[in-house]
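S.K.:
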Amino acid sequence: MRIFFTATVAALLAGCGCIPGKPPQGAQATLVILETTDLHANVRSYDYYKLAPDASLGLERTATLIRQARKDFPDSLLLDNGDTIQGTALGDYQALVAPVGCGQPLAIYKAMNALGFEGGSVGNHEFNWGLDFLGQVTASRFGTEGASVRAQPCAGPAFPVVLANVVDARTGTPLFEPYCILDKRVSATGPDGKPLTAIVKVGIIGFTTPAIMGWDRRWLEGRVRTEGWRETAQRYVPEMRAKGAEVIVAISHAGLDGAAYAPSMENGSWYLAQVPGIDALLLGHSHDVFPNPASKSAGFNLAGVDKVRGRVHGVPTVMPGLWGKHLGVIQLALRHDGTRWVADAGAAKVETRSIQRPDRSFVEPDPEVAALVKAEHEATIAYVKTPIGDTDFRMSAYFADVGDVSAIQVVNQAQADYVRRHIQANMPQYAHLPVLSMSAPFKTGAAGVADYTDVAPGKMALNNAADLYLYPNDLHAVKVNGTTLQAWLEKAAGRFNTIDPARSEPQELINAGFAGFNFDMLTDSDVRYEIDVTQAPGQRIKNLSWRGKPVRAEQEFIVATNNFRASGGGGFPGLDGSKTIFASPDNNRAVLVAYIKSVQHLTRNVNGSARSWRFARIGTKGAVVFHSAPNRLALARQSGLNGVSIQEESDGKGYSIYAIDLSK
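Per our numbering, the very first residue in the sequence shown carries number 229; after that it's consecutive.
1) Checking 8 Å against the spacing of the C-beta atoms, do V633 and S884 come in under that value?
2) Determine contact between the segment 293-300 and the segment 444-454, defined as no fewer than three beta-carbon pairs at a distance below 8 Å.
3) Is it buried or exposed, L600, if we count other Cβ atoms within 10 angstroms and call 16 or more buried?
4) Measure the Cβ-Cβ separation of G348 and V395 and say whether it is below 8 Å.
5) Residues in the same chain with beta-carbon distance under 6 Å from S492, minus the five sequence neighbours each way, listed in chain order, please.
6) Could you have a look at G625 and say whether DSSP puts it in helix, strand or coil?
7) Distance check for V365 and R378, CA to CA, integer angstroms please.
8) Less than 8 Å separating the beta-carbons of G434 and A392?
9) Which residue's Cα is closest to the Cα of H855: R649, Q875 and G799?
10) Between which two residues does the alpha helix (DSSP H) carrying M468 extend?
11) What is the C-beta distance between P548 and E263, in whole angstroms, given that I count them as a contact (C-beta under 8 Å)?
12) Give the single residue among G483, A508, P504 and I506 whose Cα lies nearest to the Cα of S497.
13) Where does the unbroken beta strand (DSSP E) through P615 begin, and where does it stop?
14) Which residues mark the beginning and the end of the alpha helix (DSSP H) in which H605 is found?
15) Taking contact to mean 3 or more Cβ pairs, one atom from each stretch, closer than 8 Å, check whether the segment 417-437 and the segment 339-356 are in contact.
16) Compare the C-alpha of N309 against each of F747, P281 and G512 and name the closest.
17) Quick check: the Cα distance between E733 and V853, rounded to an integer number of angstroms?
18) CA-CA distance, T417 and A426?
19) List the DSSP bridge partners of F724.
20) Three Cβ pairs or more, each shorter than 8 Å: is that satisfied between the segment 405-416 and the segment 317-329?
21) Relative to the C-alpha of I809, which residue among I651, F800, S826 and T711 is closest?
22) So, with DSSP's three-state summary, where would you put A857?
23) Who pairs with L555 in a beta bridge, going by DSSP?
24) So the beta strand (DSSP E) Q875 belongs to, where does it begin and stop?
25) Could you check which residue in P700, F785 and A571 has the C-alpha nearest to that of T712?
26) Taking the alpha-carbon positions, what's the L772 to P778 distance?
27) Excluding five sequence neighbours on each side, which residues of the same chain lie with their C-beta closer than 7 Å to the C-beta of Y407?
28) Hey, could you find the ends of the alpha helix (DSSP H) M340 is sitting in?
29) With DSSP as the reference, please indicate the residues paired to Q256 in a beta bridge.
30) Measuring straight from C-alpha to C-alpha, what distance separates A375 and Q462?
31) Which word fits Q322, buried or exposed, when buried means at least 16 other C-beta atoms lie within 10 angstroms of its C-beta?
32) Less than 8 Å separating the beta-carbons of V630 and V271?
33) Hey, how far is the Cα of Y680 from the Cα of R775?
34) Only counting the same chain, and skipping five residues up and downstream in sequence, which positions put a Cβ closer than 6 Å to that of A257?
35) Go through the segment 492-531 residue by residue and report every complete run of the alpha helix (DSSP H) that reaches 4 residues or more, in order.
36) With a threshold of 7 Å on Cβ separation, who are the neighbours of G766 within its own chain once the five nearest residues in sequence on each side are excluded?
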């Protein structure tokens with residue numbers, strides 16, 4: 229077992245010739261733990277799918293928070309919680325397109341090294357490209373079989389990476405060092421009020437979700453195995469104490485789940501916090517922000533969870549979201565009892581700091597980070613422009629409000645396929661239930677006449693996927709019954725105004741106050757339903773059926789959607805986070821890209837024509853109209869919308885006014 233001693237601290241102490249002695253009983257100090265998690269290779273504030281800057285994310289902006297936090301708290305320890313190396317086109321590029329050599333660190337690690345990270349752990353996505361790649365880029369001495377294969381490690385993070393609950397399947401030896409103990413120099417105050425310098429021995433131990441054994445089975449089966457959250461902590465925490473750790477920080481790449489304990493459960497942090505001896509808990513994986521008083525997440529409302537003060541079973545706990553959008557901060561109040569430093573859990577302060585200011589602007593990026601990864605960034609942009617597949621039809625949202633599914637069906641297909649495969653492999657208790665998918669036309673002209681999804685026939689590149697799926701959501705799956713499914717569709721039908729068939733004046737079909745991204749729809753050949761826009765909201769969904777039979781109130785379905793919707797975004801009835809059965813570690817856009825790559829050739833017949841819904845046939849005395857981009861009528865015809873016609877070429881704002889015959 230190696231016990232790490234940070235070189236920077238050792239050099240500093242040796243250089244000044246003043247290695248601190250044992251602090252007196254009653255001395256006090258503050259040690260601040262800073263956390264990043266789920267960076268997902270977002271080094272720059274840039275969206276490679278949109279080929280455009282994105283100020284809302286990126287380690288280069290988190291770096292600004294880190295530098296400020298270090299000014300606020302000179303005695304701080306910066307740690308990362310994994311899912312670090314995968315998640316953007318940059319990560320893909322360095323793993324698959326132009327794999328880094330042994331002597332070259334990943335771009336994300338170059339930035340982290342420059343920022344002075346002092347420790348980290350391993351997320352599930354670190355395993356996505358196999359053990360040999362992971363061993364190389366983390367500078368660890370293991371190969372494809374988990375065995376030592378190199379006399380010297382490759383270039384990688386300049387900080388210890390710890391992981392306790394993933395072990396070699398044959399020997400039981402942890403794949404990484406399970407923990408390390410860092411000597412952290414702090415400024416303290418003696419019982420007499422005088423300042424002094426002291427060393428705090430900080431133990432960090434890492435855990436990752438055992439779900440890796442299903443998600444990356446092809447790389448891991450027979451080579452490694454996972455051990456239980458609780459059992460692993462119960463083994464190592466006392467050992468860490470015995471070896472001198474005064475403060476123990478558990479880095480858990482998992483969220484909170486109050487289901488019955490199982491060693492293989494995906495999110496075991498709620499149980500981990502119950503193991504005695506842990507002084508601070510760093511969470512990740514579920515992409516949430518904790519503490520969060522307003523959260524309706526089921527995990528944040530478990531017994532023993534204080535979502536206001538940031539505690540889980542009394543242990544100070546933080547989770548700073550994802551993509552560098554937040555920095556986690558735990559201020560630990562320490563007191564020396566004459567033998568060792570002791571953390572006062574009740575006095576700890578927990579917060580997350582956002583890169584977005586209260587006025588909605590964003591902190592400036594750290595220019596050093598951009599300079600470090602300039603070459604990798606530019607190479608990735610060139611890569612993103614390369615094809616991922618092709619389509620024989622135009623995928624657009626110009627007429628999505630009236631039934632064109634050309635830009636929506638492939639998203640639903642990708643989401644349903646992903647969830648279906650995950651359930652078959654990992655959640656057999658749900659394997660008998662139908663898997664559906666909901667998606668919406670994200671770009672429907674709200675920001676101007678150019679604000680529509682429009683992917684031309686021909687070659688598709690990664691940035692086209694961003695046009696089809698605009699938002700950086702995570703894929704979630706919910707279990708609902710027929711009543712909730714109907715209510716979900718009823719809420720989505722709020723996209724339309726109530727139409728009076730007897731009125732002779734033109735009537736606007738679209739409710740401008742109802743966002744297009746809330747117009748969720750099914751595009752499944754097994755499902756049929758009608759939307760009767762002559763009825764009041766909440767009474768519009770008619771003849772909802774599955775495989776030709778009416779959907780029963782108690783009938784159960786699994787529905788693939790996104791984290792925004794599953795957790796209550798949009799105010800859909802019955803969706804508040806409590807019905808989520810699976811929070812995917814992958815985002816919806818990545819799922820879509822992977823699906824297109826696997827299919828390769830998209831066709832209208834297979835990927836752009838499965839209409840689950842139509843308007844109920846109603847004759848109206850006057851025209852029912854809507855607005856869309858001009859000169860697009862041919863696209864309506866191509867998608868089978870023969871009841872659409874031009875009412876006026878221009879509405880004076882750049883749009884054309886179209887009419888739809890609801891009787892067809």
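Backbone N, C-alpha and C define an ideal beta-carbon position, used for all residues, glycine too.
M.R.: According to the structure shown:
1) Against the sequence shown, residue 633 aligns to sequence position 405. Against the sequence shown, residue 884 aligns to sequence position 656. Not in contact: V633 and S884 (Cβ atoms no closer than 8 Å).
2) The answer is no - the segment 444-454 does not touch the segment 293-300, with fewer than three Cβ pairs under 8 Å.
3) Looking up residue 600 in the sequence shown gives position 372. By the neighbour-count rule (16 or more Cβ atoms within 10 Å), L600 is buried.
4) Mapped onto the sequence shown, residue 348 falls at position 120. Mapped onto the sequence shown, residue 395 falls at position 167. It is not a contact, given that the beta carbons lie outside the stated cut-off.
5) Translated into positions along the sequence shown, residue 492 becomes position 264. Within the same chain, S492 has close Cβ partners P438.
6) Walking along the sequence shown from the start, residue 625 turns up at place 397. For clarity, residue 625 is Ala in the given sequence; the question names Gly instead. In the structure shown, A625 sits in coil (DSSP, three-state: anything other than H, G, I, E or B).
7) As a working note, residue 378 is residue 150 in the sequence shown. As a working note, residue 365 is residue 137 in the sequence shown. Low per-residue confidence applies at R378: pLDDT is 47, beneath 50, and the placement is therefore not dependable, though the value from the model is reported in the following sentence. Taking the straight line from one Cα to the other gives about 13 Å.
8) The count along the sequence shown starts at 1 and reaches residue 434 at position 206. The count along the sequence shown starts at 1 and reaches residue 392 at position 164. Yes, they are a contact pair.
9) One-based indexing of the sequence shown puts residue 855 at position 627. It is Q875 whose Cα lies nearest to the Cα of H855.
10) Counting from one through the sequence shown, the residue named residue 468 turns up at place 240. Where M468 is concerned, the enclosing alpha helix (DSSP H) stretches over W457 to A470.
11) Mapped onto the sequence shown, residue 548 falls at position 320. Mapped onto the sequence shown, residue 263 falls at position 35. P548 to E263, Cβ: 6 Å. Contact.
12) For this step, residue 497 is matched to residue 269 along the sequence shown. Per the Cα distances, G483.
13) The count along the sequence shown starts at 1 and reaches residue 615 at position 387. Segment P615 to T619, the beta strand (DSSP E) holding P615.
14) Your numbering for residue 605 matches position 377 in the sequence shown. Note, H605: alpha helix (DSSP H), K602 to V612.
15) yes
16) The residue given as residue 309 occupies position 81 in the sequence shown. Among F747, P281 and G512, the Cα nearest to that of N309 is on G512.
17) To locate residue 733, count along the sequence shown from 1; it is residue 505. To locate residue 853, count along the sequence shown from 1; it is residue 625. Answer to the nearest angstrom: the Cα atoms are 10 Å apart.
18) For the purposes of this step, residue 417 is identified with residue 189 of the sequence shown, where counting begins at 1. For the purposes of this step, residue 426 is identified with residue 198 of the sequence shown, where counting begins at 1. Whole-angstrom Cα-Cα distance: 9 Å.
19) To locate residue 724, count along the sequence shown from 1; it is residue 496. DSSP, once it has assigned bridges, lists I738 as partnering F724.
20) no
21) Mapped onto the sequence shown, residue 809 falls at position 581. Selected option, being the one with the closest Cα: I651.
22) Counting from 1 along the sequence shown, the entry for residue 857 is found at position 629. Three-state result, A857: coil.
23) Counting from 1 along the sequence shown, the entry for residue 555 is found at position 327. L555 is bridged to R581.
24) Residue numbering aside, residue 875 sits at position 647 when the sequence shown is read from its first letter. Run containing Q875: V872 to E876, per the beta strand (DSSP E) assignment.
25) Residue mapping note: residue 712 aligns to position 484 of the sequence shown, counting from 1. F785 is the residue among P700, F785 and A571 whose C-alpha sits nearest the C-alpha of T712.
26) Numbered from 1 along the sequence shown, position 544 holds the residue referred to as residue 772. Numbered from 1 along the sequence shown, position 550 holds the residue referred to as residue 778. Straight across, the Cα-Cα distance linking L772 with P778 is about 6 Å.
27) To locate residue 407, count along the sequence shown from 1; it is residue 179. Excluding residues within five positions, the ones whose Cβ falls inside 7 Å are V390, A392, G431, I432, I433, Y464 and M468.
28) Looking up residue 340 in the sequence shown gives position 112. From DSSP, the alpha helix (DSSP H) with M340 extends over A335 to L343.
29) Here residue 256 refers to the residue found at position 28 when the sequence shown is read from its first residue. The partner list for Q256 (beta bridge, DSSP) reads T417 and R563.
30) Residue 375 sits at position 147 when you count from the first residue of the sequence shown. Residue 462 sits at position 234 when you count from the first residue of the sequence shown. Residue placement at A375 is poorly supported in this model, since its pLDDT is 39, which falls under 50; the coordinates still yield a value, given next. The straight-line gap from Cα to Cα measures roughly 26 Å.
31) Indexing the sequence shown from 1 puts residue 322 at position 94. Buried, because 16 or more other Cβ atoms sit within 10 Å of the Cβ of Q322.
32) Counting from 1 along the sequence shown, the entry for residue 630 is found at position 402. Counting from 1 along the sequence shown, the entry for residue 271 is found at position 43. Contact: no.
33) Translated into positions along the sequence shown, residue 680 becomes position 452. Translated into positions along the sequence shown, residue 775 becomes position 547. Near 32 Å, if we compare the C-alpha coordinates of R775 and Y680.
34) On the sequence shown, position 29 is the one that residue 257 refers to. Correct list, in chain order: V414, A416 and L562.
35) 497-500
36) Here residue 766 refers to the residue found at position 538 when the sequence shown is read from its first residue. Contacts found: E718.
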